[in-house]
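Asker: Here my numbering is used: the first residue of the sequence shown is 23, the next is one more, and so on.
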Amino acid sequence: MARDKGYFEAQRRIKQAKRREIDYLDLSNLALTTIPHNITTIPNLHELNLSNNNLTFLPDTFLELTSLKKLDLRRNHLNIDGQLSLMPWAISKLTNLQELNLIGNQLSRLPEEIGNLTSLKVLYLTQNNLEELPEKFFLLTNLRELYLSRNRLKNLPRAISKLVNLQKLYLSNNQLKSLPDTIKNLINLEILVLSENLLNRLPREICLLTNLQRLHIHLNQLNSLPKEIDQLINLKCFVLASNPLPILPEIIRKGWGKDYWDDGDPQSVITYYLEQEMQPLNEAKVILVGQGTVGKTSIVKCLLGECFSSDENKTDGISIRNLEVFQINKNNRSIRLNIWDFGGQEIMHATHQFFLTKRSLYLLVLNNRQTEDENRLEYWLNTIESFGGDSPIIIVGNKNDEHPLDIDQRGLQRKYPQIKDFIATSCKTGLGIEELQQFINREIGNLKHVGDLLPQKWFEVKTHLEGLKKNYIPYEEYQQICEENQILETKKQKVLVSLLHDLGIVLNFYDDPQVSDTHVINPEWVTTGIYKIINHDPLIDRYQGILSFAILSEILPHYLYPPQKHSFIISIMKKFELCFAIDNQTFLLPNLLPKTAPEHLDRTQWQEALRFEYHYSILAQSVISRFIVKMHHRVFEQTYWRTGVVLFCNDNQALVEADLYDKKIFIAINGQVNTRRDFLAEIRGYFNNIHNSFSKLPEERVPIPQDPKGIATVSYDHLLFLESISQDEYFPEGMRECVSVRKLLNGIRPETQNFRQSDKINIAIHNSPSMSNIYQKSESGDNVAGDKIYGDKVGRDKVTNYNNSQNLAQAAHDINALISQLSTDYNSNTPLGQMQMGSKIVETIDSNLPLKTRTINALKEAGSAAFEEAIDHPVAKVVVAALKGFIDAD
Numbered sequence: 023m024a025r026d027k028g029y030f031e032a033q034r035r036i037k038q039a040k041r042r043e044i045d046y047l048d049l050s051n052l053a054l055t056t057i058p059h060n061i062t063t064i065p066n067l068h069e070l071n072l073s074n075n076n077l078t079f080l081p082d083t084f085l086e087l088t089s090l091k092k093l094d095l096r097r098n099h100l101n102i103d104g105q106l107s108l109m110p111w112a113i114s115k116l117t118n119l120q121e122l123n124l125i126g127n128q129l130s131r132l133p134e135e136i137g138n139l140t141s142l143k144v145l146y147l148t149q150n151n152l153e154e155l156p157e158k159f160f161l162l163t164n165l166r167e168l169y170l171s172r173n174r175l176k177n178l179p180r181a182i183s184k185l186v187n188l189q190k191l192y193l194s195n196n197q198l199k200s201l202p203d204t205i206k207n208l209i210n211l212e213i214l215v216l217s218e219n220l221l222n223r224l225p226r227e228i229c230l231l232t233n234l235q236r237l238h239i240h241l242n243q244l245n246s247l248p249k250e251i252d253q254l255i256n257l258k259c260f261v262l263a264s265n266p267l268p269i270l271p272e273i274i275r276k277g278w279g280k281d282y283w284d285d286g287d288p289q290s291v292i293t294y295y296l297e298q299e300m301q302p303l304n305e306a307k308v309i310l311v312g313q314g315t316v317g318k319t320s321i322v323k324c325l326l327g328e329c330f331s332s333d334e335n336k337t338d339g340i341s342i343r344n345l346e347v348f349q350i351n352k353n354n355r356s357i358r359l360n361i362w363d364f365g366g367q368e369i370m371h372a373t374h375q376f377f378l379t380k381r382s383l384y385l386l387v388l389n390n391r392q393t394e395d396e397n398r399l400e401y402w403l404n405t406i407e408s409f410g411g412d413s414p415i416i417i418v419g420n421k422n423d424e425h426p427l428d429i430d431q432r433g434l435q436r437k438y439p440q441i442k443d444f445i446a447t448s449c450k451t452g453l454g455i456e457e458l459q460q461f462i463n464r465e466i467g468n469l470k471h472v473g474d475l476l477p478q479k480w481f482e483v484k485t486h487l488e489g490l491k492k493n494y495i496p497y498e499e500y501q502q503i504c505e506e507n508q509i510l511e512t513k514k515q516k517v518l519v520s521l522l523h524d525l526g527i528v529l530n531f532y533d534d535p536q537v538s539d540t541h542v543i544n545p546e547w548v549t550t551g552i553y554k555i556i557n558h559d560p561l562i563d564r565y566q567g568i569l570s571f572a573i574l575s576e577i578l579p580h581y582l583y584p585p586q587k588h589s590f591i592i593s594i595m596k597k598f599e600l601c602f603a604i605d606n607q608t609f610l611l612p613n614l615l616p617k618t619a620p621e622h623l624d625r626t627q628w629q630e631a632l633r634f635e636y637h638y639s640i641l642a643q644s645v646i647s648r649f650i651v652k653m654h655h656r657v658f659e660q661t662y663w664r665t666g667v668v669l670f671c672n673d674n675q676a677l678v679e680a681d682l683y684d685k686k687i688f689i690a691i692n693g694q695v696n697t698r699r700d701f702l703a704e705i706r707g708y709f710n711n712i713h714n715s716f717s718k719l720p721e722e723r724v725p726i727p728q729d730p731k732g733i734a735t736v737s738y739d740h741l742l743f744l745e746s747i748s749q750d751e752y753f754p755e756g757m758r759e760c761v762s763v764r765k766l767l768n769g770i771r772p773e774t775q776n777f778r779q780s781d782k783i784n785i786a787i788h789n790s791p792s793m794s795n796i797y798q799k800s801e802s803g804d805n806v807a808g809d810k811i812y813g814d815k816v817g818r819d820k821v822t823n824y825n826n827s828q829n830l831a832q833a834a835h836d837i838n839a840l841i842s843q844l845s846t847d848y849n850s851n852t853p854l855g856q857m858q859m860g861s862k863i864v865e866t867i868d869s870n871l872p873l874k875t876r877t878i879n880a881l882k883e884a885g886s887a888a889f890e891e892a893i894d895h896p897v898a899k900v901v902v903a904a905l906k907g908f909i910d911a912d
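(1) With a floor of 3 residues, list each beta strand (DSSP E) that falls wholly inside the segment 711-752, ordered by position along the chain.
(2) Determine which residues share a DSSP beta bridge with E546 and list them.
(3) Can you list, in chain order, the residues of its chain whose CB lies under 8 Å from that of L77, leaving out five sequence neighbours each side?
(4) With a threshold of 7 Å on Cβ separation, who are the neighbours of K820 within its own chain once the five nearest residues in sequence on each side are excluded?
(5) Between the C-alpha atoms of D26 and F84, what's the straight-line distance to the nearest angstrom?
(6) Please list the terminal residues of the continuous alpha helix (DSSP H) segment that includes A572.
(7) Who are the Cβ neighbours of I503 in its own chain at under 8 Å, not counting the five residues just before and after it?
(8) Identify whether A412 lies in helix, strand or coil by the three-state DSSP scheme.
(9) What is the rounded straight-line gap between the Cα of G567 and the Cα of H374?
(10) Does DSSP put L529 in a helix, in a strand, or in coil?
(11) Can you find at least 3 beta carbon pairs, one from the segment 259-274 and one from the segment 223-239, that sit closer than 8 Å?
(12) Please classify N805 as buried or exposed, where buried requires at least 16 neighbouring CB atoms within 10 angstroms.
(13) Which residues does DSSP list as the beta-bridge partners of H541?
(14) What are the boundary residues of the alpha helix (DSSP H) that N468 is part of?
(15) Just verifying my parser: in three-state terms, what is the DSSP assignment at T451?
(16) Determine, using beta carbons only, whether I556 comes closer than 8 Å to chain B.
(17) Taking only the alpha-carbon atoms, compute the straight-line gap between G817 and D45 and give it to the nearest angstrom.
(18) In whole angstroms, what separates the C-alpha of Y824 from that of I646?
(19) Nearest-angstrom Cα distance between N164 and K184?
(20) Would you mind giving the Cβ-Cβ distance between L47 and L70, rounded to the nearest angstrom? I have them listed as a contact below 8 Å.
(21) In this structure, how does DSSP classify G28 when only helix, strand and coil are distinguished?
(22) Spatial neighbours of V387 within its chain, please: C-beta separation below 7 Å, excluding the five flanking residues on both sides.
(23) Would you call the segment 660-670 and the segment 735-751 touching, i.e. three or more CB-CB distances under 8 Å?
(24) Does F753 pass the burial test, meaning 16 or more other C-beta atoms within 10 Å, or should it be called exposed?
(25) For I837 and A181, what's the separation of their Cα atoms in angstroms?
(26) Hey, how far is the Cα of A923 from the Cα of L873?
(27) In whole angstroms, give me the CA-to-CA distance for D868 and T877.
(28) For R41, which residues in the same chain have their Cβ closer than 7 Å to its Cβ, ignoring the five residues on either side in sequence?
(29) Please give me, in chain order, every unbroken run of the alpha helix (DSSP H) with length at least 4 that falls completely inside the segment 620-705.
(30) Going by DSSP in three states, R764 sits in which element: helix, strand or coil?
(31) For the beta strand (DSSP E) containing S382, name the first residue and the last one.
(32) Anyone know if the C-beta pair for E394 and I361 falls short of 8 Å?
(33) Alpha carbon to alpha carbon, what distance is there between I274 and H835?
(34) To the nearest angstrom, how far is it from the Cα of R564 to the Cα of T379?
(35) Going by beta carbon distance, what residues of the same chain come within less than 6 Å of S264, once the five residues before and after it are set aside?
(36) Closest by CA to T405, which one among I893, S762, I770 and S717?
Following this line, the structure appears as structure tokens:
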């Protein structure tokens, strides 16, 4: 039996330890139900790891191990009726224990005798069922670290004040509703984790813990902070997320760094909260989208009480009505709505995405006379989801006097749960307008950010900006206005302008060196200018998408757009990927190119090409236009048209075409076989960058050369799956001959990446894993013990030093090899690509035990910073986060 083998293995290790006269021993993961009696033959045993076994009790002979200093009993079954089954007198004998780990033993009580372990410095009780702590628990006055997360504690006894030497206290994932004022006595506390409890206030005494460096209180019910909170002068990390506090999310986010355990800027959060009188924002952005001529502008006019006009002019670009006030009866407040009416013409859609923001309410307006396809219903829902996140949507079926609204409402709400309502309207008769107003009022009232409290001084800056009779001012003037209103810190000025940008009050791109010289006060100024350009008919008919500064002067009226601002308009268009520079004076707008390919294009030269396809659920013109802009440096002899382009790289040429009706993009690359795969990798990298903003990624497909019709394709992800399970041949649907997975993949990936994962990661298992005293933190706030007890004491330091370098070097090498293999599949320059690549790497690590062991050991030994530095790649952080999860699960 497996258990017998584990018992005999334990006996063997005990004998070996006795023979080598060592003072530490690892008996973990052996499925032990009892401990061999010969363990008493090592009387000077200092460290013992019994984690991940099936122990329900400890034998009487355990009493003789009085020299134990460190005992790891993680994830056993040491409970009888929920109580720790160590005999009280047995515990009292282990008085030299300095570290005790009881994580994951389903304990609901602790015996009073645990108080006899007065030498304890570190105690792990995470992931049990403790509801209270015994009175004598607080005799453990030498404790430095106490881990009580993931229990059922409902209160923290006042006696906690006796643990005056505590430096780390973890209490996350309990049921605490309050903290005792005696917590003030824990003057040596440096880390306090209280996340995921039921706290609705913090005692002011917590502010006396002036040595506190990390305070985690996210996912509680706090609605205020003690006014003395600024006394925590040594705070480096302050996590307040997911509390109903009157602090902007953008401000709260400054409390920590890239993750919850990185240093942030807590003082800016505290200062924001304390320094100023606050008032609610009571302002929101409403965005109307839909195809041209569906009646969006008429809807806006009806909502504002204006007269209906049957010959309403089309909206050229974006119309913003942000001076009208809607009265909304919720807590006796009125909320101002900034209403953005977006032109529906296809040529404008590429720019719209840069103004579609989260924290908004969307009205998707349809023409009831048209079909769902004609209204491009799914296109607009996908667009809103991609750029507006989970913002609420109301679907407005307009022109109901001519035809009733006829769409699958339940099906759409299942697919897009952010759809809150459907309403049929007629601007001509007034049908549904009052009901629509009620729907809007309700959804705006439900937007969480609308009631956010802002400093009074911020409102004064906002009011000042809105009162200016200028279309733009330099950013320095904006800063001066902030300083006049006592907003002196650069960070606060940027947070404020970012908020005003999201609300649609101003536009600003301070993070872009091309356009940061101007702070745009009136968003309509820049959007109207851009739309005048892209709607200028001669640019299509006469100039075929080529724009010069001379032409720009003809298009834009100088009294609104003086020539010195033309470069700024162009820089905005480049930022929006609407154009690229041909030279210093001329620019190309791919969206205005001729619709047909050049006559000289000879498609026969790609008959034997390497091919790749993207299949979309929704394909907008802007995808191929942005791609042409991004890859303009590789355009071959100005061979481009509105839906396609020919690119070059060395001796290879690529034909990239979009079929907007079939919703596919086709890539064909000819030339040298040994370099065309690298060219495809580059092309896919640019597409991945574009796809990063999509809520639904396109499917990557590989054409099957054996198909006589030339139309059969197979999912690229499916090929990767088949490769991962070592299946080299399979029959594609509809074909009568099998295809080689390896050959298809070899045609796609660069040469250096075309060897199998199992061959690439050659793992040599060390026979002497190292001892580590590193405790890595998981995101939940718990420290997880990662000790392994092996080898002999004489050689321990040498083994540790060797493995610190060897494990880390080998782990970094293996992970970088994986990164290299996956670099063409995922775009590591984007957060989404990094997450996808990281997930694939973690999946590989998890399926390869030697690699997993070595990688985890490397992380424990070297620490997160050194591990990430050794990999030296953005995906390292994703891998480290997952590895911490593996450690936590041990």
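Built from N, CA and C at the ideal position, the CB exists for glycine as well.
Answerer: According to the structure data:
(1) Whole beta strand (DSSP E) segments, 3+ residues: 721-725 and 735-737.
(2) Within the sequence shown, residue 546 is the residue found at index 524, counting from 1. Its beta-bridge partners do not exist; DSSP assigns none.
(3) By one-based count along the sequence shown, residue 77 stands at place 55. L54, T55, T56, I57, L95, N98, H99 and L100.
(4) Position 798 of the sequence shown holds residue 820. Any answer about K820 is weak, because its pLDDT of 28 lies below 50 and its placement is not dependable; what the coordinates show is given next. Excluding sequence neighbours, K820 sits near nothing in its chain.
(5) Numbered from its first residue, the sequence shown carries residue 26 at position 4. Numbered from its first residue, the sequence shown carries residue 84 at position 62. Taking the Cα positions, D26 is about 20 Å away from F84.
(6) Here residue 572 corresponds to residue number 550 of the sequence shown, with the count starting at 1. Here the alpha helix (DSSP H) through A572 covers F571 to I577.
(7) Within the sequence shown, the letter at position 481 stands for residue 503. Apart from the 5 residues on each side of it in sequence, I503 sits with its Cβ closer than 8 Å to the Cβ of V483, H486 and L487 in its chain, given in chain order.
(8) The sequence position of residue 412 within the sequence shown is 390, counting from 1. Position check: residue 412 holds Asp in this sequence, whereas Ala was assumed. Correct three-state label for D412: coil.
(9) In the sequence shown, the residue the question calls residue 567 occupies position 545. In the sequence shown, the residue the question calls residue 374 occupies position 352. Going by the C-alpha atoms only, they are around 19 Å apart.
(10) Start at 1 with the first residue of the sequence shown, and residue 529 comes out as number 507. In the structure shown, L529 sits in a strand (DSSP, three-state: E or B).
(11) When Cβ pairs closer than 8 Å are counted between the two stretches, the segment 259-274 is seen to touch the segment 223-239, the count reaching three or more.
(12) Here residue 805 corresponds to residue number 783 of the sequence shown, with the count starting at 1. Note that N805 has pLDDT 34, beneath the 50 cutoff, so the model's placement of it is unreliable and no number is given.
(13) Here residue 541 corresponds to residue number 519 of the sequence shown, with the count starting at 1. When DSSP reads this structure, H541 sits in a beta bridge with I495.
(14) Counting from 1 along the sequence shown, the entry for residue 468 is found at position 446. Counting along the chain, the alpha helix (DSSP H) containing N468 begins and ends at I455 to N468.
(15) For this step, residue 451 is matched to residue 429 along the sequence shown. Under the three-state reduction of DSSP, T451 is assigned to coil, being neither helix nor strand.
(16) Any reference to chain B falls outside this structure, which holds one protein chain only.
(17) For the purposes of this step, residue 817 is taken as residue 795 along the sequence shown, with counting starting at 1. For the purposes of this step, residue 45 is taken as residue 23 along the sequence shown, with counting starting at 1. Bear in mind that a pLDDT of 31 at G817, under 50, signals an unreliable position, so the number given afterwards is only what the model happens to contain. Taking the straight line joining both Cα atoms gives about 12 Å.
(18) Taking the sequence shown and counting its residues from 1, the one referred to as residue 824 is at position 802. Taking the sequence shown and counting its residues from 1, the one referred to as residue 646 is at position 624. At Y824 the pLDDT is 29, less than 50, meaning the model places this residue with poor confidence; the figure from the coordinates comes in the next sentence. Answer to the nearest angstrom: the Cα atoms are 52 Å apart.
(19) As a first step, residue 164 is located in the sequence shown; it is residue number 142 there, counting from the start. As a first step, residue 184 is located in the sequence shown; it is residue number 162 there, counting from the start. The straight-line gap from Cα to Cα measures roughly 10 Å.
(20) Position 25 of the sequence shown holds residue 47. Position 48 of the sequence shown holds residue 70. With 8 Å as the limit, L47 and L70 qualify as a contact, their Cβ atoms being about 5 Å apart.
(21) Stepping through the sequence shown from its first residue, residue 28 is reached at position 6. Reduced to three states, the DSSP call for G28 is helix.
(22) For the purposes of this step, residue 387 is identified with residue 365 of the sequence shown, where counting begins at 1. These residues qualify, in order along the chain: L310, G312, V316, G317, K318, I321, V418 and N420.
(23) Using a Cβ-Cβ distance cut-off of 8 Å, the segment 660-670 and the segment 735-751 are not in contact, since fewer than three pairs of beta carbons, one from each stretch, lie closer than that value.
(24) For the purposes of this step, residue 753 is taken as the residue at position 731 of the sequence shown. When all chains shown are included, F753 counts as exposed.
(25) Translated into positions along the sequence shown, residue 837 becomes position 815. Translated into positions along the sequence shown, residue 181 becomes position 159. Answer to the nearest angstrom: the Cα atoms are 48 Å apart.
(26) Nothing about residue 923 can be reported from this structure: the residues present for the chain run from 23 to 912 only.
(27) In the sequence shown, the residue the question calls residue 868 occupies position 846. In the sequence shown, the residue the question calls residue 877 occupies position 855. Taken atom to atom, the span from the alpha-carbon of D868 to that of T877 is near 10 Å.
(28) On the sequence shown, residue 41 is found 19 positions in, with the first residue counted as 1. For R41, where only same-chain residues beyond five positions count, there are no Cβ hits under 7 Å.
(29) Secondary structure remark: continuous alpha helix (DSSP H) runs of at least 4 residues inside the segment 620-705, in chain order: 643-652.
(30) Within the sequence shown, numbered from 1, the residue matching residue 764 stands at position 742. In this structure, R764 counts as helix in the three-state DSSP scheme.
(31) Here residue 382 corresponds to residue number 360 of the sequence shown, with the count starting at 1. Residues S382 to N389.
(32) Here residue 394 corresponds to residue number 372 of the sequence shown, with the count starting at 1. Here residue 361 corresponds to residue number 339 of the sequence shown, with the count starting at 1. Not a contact, by the Cβ cut-off of 8 Å.
(33) What you label residue 835 is simply residue 813 of the sequence shown in a count that begins at 1. What you label residue 274 is simply residue 252 of the sequence shown in a count that begins at 1. Near 38 Å, if we compare the C-alpha coordinates of I274 and H835.
(34) Here residue 564 refers to the residue found at position 542 when the sequence shown is read from its first residue. Here residue 379 refers to the residue found at position 357 when the sequence shown is read from its first residue. R564 and T379: Cα-Cα distance of roughly 35 Å.
(35) Indexing the sequence shown from 1 puts residue 264 at position 242. Cβ neighbours of S264 beyond the five flanking positions: H240 and L241.
(36) Counted from its first residue, the sequence shown places residue 405 at position 383. Checking every option, the nearest Cα to that of T405 belongs to S717.
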